[in-house]
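>
Number of protein chains: 2
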Amino acid sequence: MIEDSLPPLSSEFQVPYRYTVQFTKGIFQLTNTSLQNFLISERKEGIIKKALVVLDEGLTLHYPNLIAEIKKYFQGLSSIVQLTGDIMVIPGGEECKNNPKLWESLVNAVDTYGIDRHSYIIAIGGGAILDLVGYVAAVSHRGIRLVRIPTTVLSQNDSGVGVKNSINHQGKKNFLGTFAPPVAVFNDLLFLESLDDRDWRSGMAEAIKVSLIKDRDFFLWIESNADILKSRNLEKMSYLIHRCAELHIHHIANGDPFESGSSRPLDFGHWAGHKLEYLTEFSLRHGEAVAIGMALDTVYSYQKNFLPEEDRNRILLLLKKLGFVIYHPELSANEKENLYLGLQEFREHLGGMLTIVLLAGIGKPWEVHEIDPKILAQSVDFLETYV
Amino acid sequence: MIEDSLPPLSSEFQVPYRYTVQFTKGIFQLTNTSLQNFLISERKEGIIKKALVVLDEGLTLHYPNLIAEIKKYFQGLSSIVQLTGDIMVIPGGEECKNNPKLWESLVNAVDTYGIDRHSYIIAIGGGAILDLVGYVAAVSHRGIRLVRIPTTVLSQNDSGVGVKNSINHQGKKNFLGTFAPPVAVFNDLLFLESLDDRDWRSGMAEAIKVSLIKDRDFFLWIESNADILKSRNLEKMSYLIHRCAELHIHHIANGDPFESGSSRPLDFGHWAGHKLEYLTEFSLRHGEAVAIGMALDTVYSYQKNFLPEEDRNRILLLLKKLGFVIYHPELSANEKENLYLGLQEFREHLGGMLTIVLLAGIGKPWEVHEIDPKILAQSVDFLETYV
Ligand SMILES: NC(=O)c1ccc[n+]([C@@H]2O[C@H](COP(=O)([O-])OP(=O)(O)OC[C@H]3O[C@@H](n4cnc5c(N)ncnc54)[C@H](O)[C@@H]3O)[C@@H](O)[C@H]2O)c1
Ligand SMILES: NC(=O)c1ccc[n+]([C@@H]2O[C@H](COP(=O)([O-])OP(=O)(O)OC[C@H]3O[C@@H](n4cnc5c(N)ncnc54)[C@H](O)[C@@H]3O)[C@@H](O)[C@H]2O)c1
Ligand SMILES: [Zn+2]
Ligand SMILES: [Zn+2]
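Encoded structure:
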């Protein structure tokens, strides 16, 4: 047999990634050197790189001068990086991930403007735009250098600092996407001033989530700053974002960055949260749905005698203090059938074996592999009447 | 300023990859345990994984029982892996990379059959099918486990053992794609028996390429086996594929696997080769075009006084002995304008700085950063009249 004489070949290697998340204010003010210094640090002798800028339309409404400012900022850098064509302004929010035409127009722009693997795509906007543009950058020419400038709380403390991108496909959320780290991230705090209250609040759900399973001190900090955070204090929010981003980055680097194994992502409160997003046809923001999901899993943890009552109360209270609603009628609809279906979907998503993160305390995650439908139903009932 | 108090966060990690390329004969014979052992080795307690098989139509023409054999093979594995739906048979060759509808139908199959990140997609066919299916697998759910069973010389010794995938977009070759290693590769020698002579030969161009820049001994081996290789000796071909695959894998693991920096891929002969593929509207096979490109760069290396005349002659002779044509009229068309344009495109592709691999000897690569158009034209003329 020929195969006996041909030993198998083993291909084994590591791919290193490194990027920095910087915190700044007014990134396109001419005196602000954050982005400029990054681009200069990547300069290559004798080569002017190209950059395609994609902007969330939601921003242009609040910052009518932004496009002019960006152009001016890059004029000063023209010996290093040149903007190609016009800045592309596209509608933000979930809808942009549902629209394959938008994806295609971006891919075609990469082609038309001759953006290659040495050029940049600079995405400025909320998590939806960053996901869409990130996916375009990841698959065009097998990967163009992506700079992210997240402009919402959620994208600054979670999605924008991580390694994933995606678009929806035929109604399936995040069906298409890749793992593709950016080359740099710039969190500009000033953009957060124009967020509406729902988006301001919604992003904080991820901070509570990560504090509950990773960092009790962080939970205590959020707790003692709840009122001032709710009243839109930018300074406090900047700390919340920084610590939350730090915990996410740490989890990625010290876990399984591209989720190839079975190591758990940071998904406390997410199984029910995801299902609620669907059941409400995405009328709930991601963070709003996750807040309800966390409330549910908190109560369930208590009902199963793992979480002390005091901790349960503190968590629910914090959510309410920040303005989150912690119950939604869809939880009870169809005799809780819908919700239980969500568990099965989550199990399938995980590949057969169910793993749900619950709490044994604040900062103390606790994994289970089954959920008791009766206690789950009791937990829903508890939330429905909780005030 | 707030930013002074918020230090940048650094995200830094490595993503490990490991896969094995196995060599076998008759992979779907019930007595053949290669694939079976791999699937068993990945088994997870209590979970039956799903597998979607995509098959190159070119194979079904030559192996009418193949589909039945595959089904039977998996029947014996049904407690570990279950085939989902029907085996998908799609037309092979470059056309399948041009057809976005084909890509979409595969993505929809992933959805319909509930193929998740723990399932497999098993692609069986030539490099074009592997590229297409690999791209589908890479972006569906951010990456489904891909098993490759390459069935052409080129895909067994080069594309199928590497880390890239792609499809064409609006006439642009490989415009969309990712770097996404497979979880396993199985080279089944017996499939090569049905290749037509052009595909049998064409794949050997990559072996000559890699021998010229990496391994003089391998060149000598090909040289002394040229006649028997040409006469379709399977045993000799199996060695050629094994060594060529080994050199490619070694290059990937010890270089820059996802080509993030400026380290050079193995692309001797490829700048002109790529251009010729376009100029001939892909009527030339990749390897046929690369053979002409290698002949051109070989002669150029000699004309520039770097490559000894004897080496030049040996290289050209080997190409001819294997049946390659080493000149194409498109090289001379438009006063060699077209060809020179290819250089500029290659420079752009590299991001401004031109780097061309030439030869200082057999097994001795030599990089240059400019090409003399006059000497290039003389090299073309030389090839035109060379017999
Ligand atoms: N890739 C990941 O790892 C990851 C993780 C979590 C969530 N996500 C995705 O992120 C998306 C949600 O992102 P999001 O919460 O940032 O919301 P979003 O991107 O949907 O934006 C919400 C709205 O705010 C507008 N907007 C953006 N910045 C603004 C600003 N500074 N001022 C005023 N308006 C502004 C947008 O135009 C949009 O209308 C979802 O699609 C979700 O799937 C991705
Ligand atoms: N991903 C990479 O790293 C990489 C590298 C080099 C080339 N490629 C790509 O590979 C493709 C070329 O692949 P290829 O040379 O294998 O040709 P191919 O896939 O185009 O196949 C050529 C023909 O052979 C048929 N075929 C396949 N297996 C057969 C068999 N065993 N017997 C008879 N017929 C068979 C196919 O149906 C097709 O008609 C190109 O699209 C090229 O871009 C990719
Ligand atoms: Zn979340
Ligand atoms: Zn090649």
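The listed protein sequences correspond, in order, to chains A and B. Each residue of the first sequence is one higher than the last, beginning at 1 in UniProt numbering. Each residue of the second sequence is one higher than the last, beginning at 1 in UniProt numbering. Every residue gets a Cβ at the ideal spot worked out from N, C-alpha and C, and that includes glycine.
Report yes if the CB atom of A:Leu316 is closer than 8 Å to the CB atom of A:Ile326, and no otherwise.
For the purposes of this step, residue 316 of chain A is taken as the residue at position 316 of the first sequence. For the purposes of this step, residue 326 of chain A is taken as the residue at position 326 of the first sequence. A contact, by the Cβ cut-off of 8 Å.
> Quick check on B:Glu3: does DSSP put it in helix, strand or coil?
Within the second sequence, the letter at position 3 stands for residue 3 of chain B. Below a pLDDT of 50, predicted positions are generally treated as unreliable, and B:Glu3, at 44, falls in that range; the measurement from the model is reported next regardless. In this structure, B:Glu3 counts as helix in the three-state DSSP scheme.
> Check the Cβ-Cβ distances between B:Pro150 and every residue of chain A, and say whether any is below 8 Å.
One-based indexing of the second sequence puts residue 150 of chain B at position 150. B:Pro150 does not count as touching chain A.
> Closer than 8 Å by beta-carbon distance: list the chain B residues that pair up with A:Pro8, in chain order.
On the first sequence, position 8 is the one that residue 8 of chain A refers to. Ordered by position in chain B, the residues that pass the 8 Å Cβ test against A:Pro8 are Thr20, Val21, Gln22 and Phe23.
> According to DSSP, simplified to helix, strand and coil, what is A:Asn98?
To locate residue 98 of chain A, count along the first sequence from 1; it is residue 98. Reduced to three states, the DSSP call for A:Asn98 is helix.
> Which runs of the beta strand (DSSP E) fall wholly inside the stretch 57-137 of chain A and span at least 3 residues, in chain order?
Those beta strand (DSSP E) runs which fall completely within the stretch 57-137 of chain A and span 3+ residues are 81-83, 88-90 and 120-125.
> Taking only heavy atoms of ligand 2 into account, decide whether any of them is closer than 7 Å to the Cβ of B:Ile129.
As a working note, residue 129 of chain B is residue 129 in the second sequence. B:Ile129 Cβ: within cutoff of ligand 2.
> Are A:His270 and A:Gly293 touching if we call contact CB-CB under 8 Å?
The residue given as residue 270 of chain A occupies position 270 in the first sequence. The residue given as residue 293 of chain A occupies position 293 in the first sequence. Yes, these two residues count as a Cβ contact at 8 Å.
> If you measure from the CB of A:Glu206, is any heavy atom of ligand 3 nearer than 7 Å?
Along the first sequence, one-based indexing puts residue 206 of chain A at 206. A:Glu206: yes, Cβ under 7 Å from ligand 3.
> Relative to the C-alpha of A:His328, which residue among A:Pro365, A:Leu284 and A:Tyr302 is closest?
The sequence position of residue 328 of chain A within the first sequence is 328, counting from 1. Minimum Cα distance to A:His328 is reached at A:Leu284.
> So what's A:Gln22 in DSSP terms, helix, strand or just coil?
For the purposes of this step, residue 22 of chain A is taken as residue 22 along the first sequence, with counting starting at 1. Three-state DSSP puts A:Gln22 in a strand.
> Among residues of its own chain, excluding the 5 on either side of A:Gly93, which ones have a beta-carbon nearer than 8 Å to its beta-carbon?
Walking along the first sequence from the start, residue 93 of chain A turns up at place 93. So the qualifying residues of the chain are Gly58, Gly126 and Ala128.
> Please report the residue range of the alpha helix (DSSP H) in which B:Asn254 lies.
Here the question's residue 254 of chain B lines up with position 254 in the second sequence. Note, B:Asn254: alpha helix (DSSP H), Leu234 to Asn254.
> Just the C-alpha distance for B:Asn32 and B:Gly26, rounded to the nearest angstrom, thanks.
Locating residue 32 of chain B in the second sequence gives position 32, where the first residue counts as 1. Locating residue 26 of chain B in the second sequence gives position 26, where the first residue counts as 1. Their backbone Cα atoms lie some 7 Å apart in a straight line.
> Just how far apart, CA to CA, sit B:Thr385 and B:Ser332?
For the purposes of this step, residue 385 of chain B is taken as residue 385 along the second sequence, with counting starting at 1. For the purposes of this step, residue 332 of chain B is taken as residue 332 along the second sequence, with counting starting at 1. For B:Thr385 and B:Ser332, the distance between alpha carbons rounds to 12 Å.
> Secondary structure at A:Arg148, three-state DSSP: helix, strand or coil?
Here residue 148 of chain A is taken as the residue at index 148 of the first sequence, counted from 1. The answer is strand: DSSP assigns A:Arg148 an E or B state.
> Have a look at A:Thr112, A:Val136, A:Tyr113 and A:Leu212 and flag the residue whose alpha-carbon is nearest the alpha-carbon of A:Ala123.
For the purposes of this step, residue 123 of chain A is identified with residue 123 of the first sequence, where counting begins at 1. For the residues A:Thr112, A:Val136, A:Tyr113 and A:Leu212, the minimum Cα distance to A:Ala123 belongs to A:Val136.
> Looking at C-beta atoms only, is the number of pairs between the stretch 177-186 of chain A and the stretch 141-159 of chain A that lie closer than 8 Å three or more?
Output reads yes: the stretch 141-159 of chain A touches the stretch 177-186 of chain A.
> Thinking just about the alpha-carbon of each residue, which of A:Leu106, A:Gly203, A:Tyr19 and A:Ala138 is nearest to the one in A:Gln156?
Within the first sequence, the letter at position 156 stands for residue 156 of chain A. Measuring from the Cα of A:Gln156, the nearest candidate turns out to be A:Gly203.
> Could you work out which residues of chain A lie near B:Pro16, taking near to mean beta carbons separated by less than 9 Å?
For the purposes of this step, residue 16 of chain B is identified with residue 16 of the second sequence, where counting begins at 1. Result: Glu12, Phe13, Gln14, Val15 and Ser260.
> Using a Cβ-Cβ cut-off of 8 Å, state whether B:Glu277 counts as contacting chain A.
Position 277 of the second sequence, counting from 1, holds the residue named residue 277 of chain B. Output row for B:Glu277: interface = no.
> How many Å lie between A:Glu348 and A:Leu354 at the Cα?
Against the first sequence, residue 348 of chain A aligns to sequence position 348. Against the first sequence, residue 354 of chain A aligns to sequence position 354. Rounded to whole angstroms, A:Glu348 to A:Leu354 spans 8 Å at the Cα level.
> For A:Val89, which residues in the same chain have their Cβ closer than 7 Å to its Cβ, ignoring the five residues on either side in sequence?
In the first sequence, the residue the question calls residue 89 of chain A occupies position 89. The answer, listed in chain order, is Leu55, Glu57 and Thr60.
> May I ask which residues mark the beginning and end of the alpha helix (DSSP H) holding A:Asp227?
By 1-based counting over the first sequence, the position of residue 227 of chain A is 227. It spans Ala226 to Lys230 - the alpha helix (DSSP H) in which A:Asp227 sits, taken as one unbroken run.
> Taking 7 Å as the line, does the beta carbon of B:Asp158 fall inside it for any heavy atom of ligand 4?
Looking up residue 158 of chain B in the second sequence gives position 158. Answer for B:Asp158: yes, Cβ within range of ligand 4.
> What does a CB cutoff of less than 8 Å around B:Thr112 pick up in its chain, not counting 5 residues either side in sequence?
The sequence position of residue 112 of chain B within the second sequence is 112, counting from 1. If we look at B:Thr112 and ignore the five residues flanking it on each side, its Cβ neighbours are Gly85.
> In terms of residues, what are the limits of the beta strand (DSSP E) holding A:Lys364?
What you label residue 364 of chain A is simply residue 364 of the first sequence in a count that begins at 1. That run of the beta strand (DSSP E) goes Lys364 to Val368.
> So with CB distances below 7 Å, who are the chain B contacts of A:Met353?
On the first sequence, position 353 is the one that residue 353 of chain A refers to. Neighbours of A:Met353 on chain B, chain order: Ile47.
> Counting only Cβ-Cβ distances shorter than 7 Å, please list the residues of the UniProt domain "3-dehydroquinate synthase C-terminal" (203-333) of chain B near chain A, keeping chain order.
Per Cβ criterion, the list reads Glu235, Ser238, His242, Ala245, Glu246, Ile249, Ile252, Ala253, Pro257 and Phe258.
> Between the beta-carbon of B:Pro257 and the beta-carbon of A:Phe13, is there less than 8 Å?
One-based indexing of the second sequence puts residue 257 of chain B at position 257. One-based indexing of the first sequence puts residue 13 of chain A at position 13. Against a cut-off of 8 Å, the Cβ pair of A:Phe13 and B:Pro257 comes out as a contact.
> Please find out if some non-hydrogen atom of ligand 3 comes closer than 7 Å to the beta-carbon of A:His270.
Taking the first sequence and counting its residues from 1, one reaches residue 270 of chain A at position 270. Answer for A:His270: yes, Cβ within range of ligand 3.
> So what does DSSP say about B:Ser194, is it helix, strand or coil?
Stepping through the second sequence from its first residue, residue 194 of chain B is reached at position 194. Three-state DSSP puts B:Ser194 in a helix.
> Do A:Asn98 and ligand 1 come close, with the Cβ less than 7 Å from some heavy atom?
Within the first sequence, numbered from 1, the residue matching residue 98 of chain A stands at position 98. No, Cβ of A:Asn98 sits at least 7 Å from all heavy atoms of ligand 1.
> Whole angstroms is fine: what's the gap from B:Ile47's alpha carbon to A:Gly351's?
As a first step, residue 47 of chain B must be located in the second sequence, where it is residue number 47. As a first step, residue 351 of chain A must be located in the first sequence, where it is residue number 351. Spanning the two alpha carbons is a distance of roughly 8 Å.
> Give the range of the beta strand (DSSP E) segment to which A:Leu358 is assigned.
In the first sequence, residue 358 of chain A corresponds to position 358, counting from 1. Run containing A:Leu358: Ile356 to Gly361, per the beta strand (DSSP E) assignment.
> Taking DSSP's pairing of strands, which residues face A:Leu9 in a bridge?
For the purposes of this step, residue 9 of chain A is taken as residue 9 along the first sequence, with counting starting at 1. Beta-bridge pairing links A:Leu9 to B:Val21.
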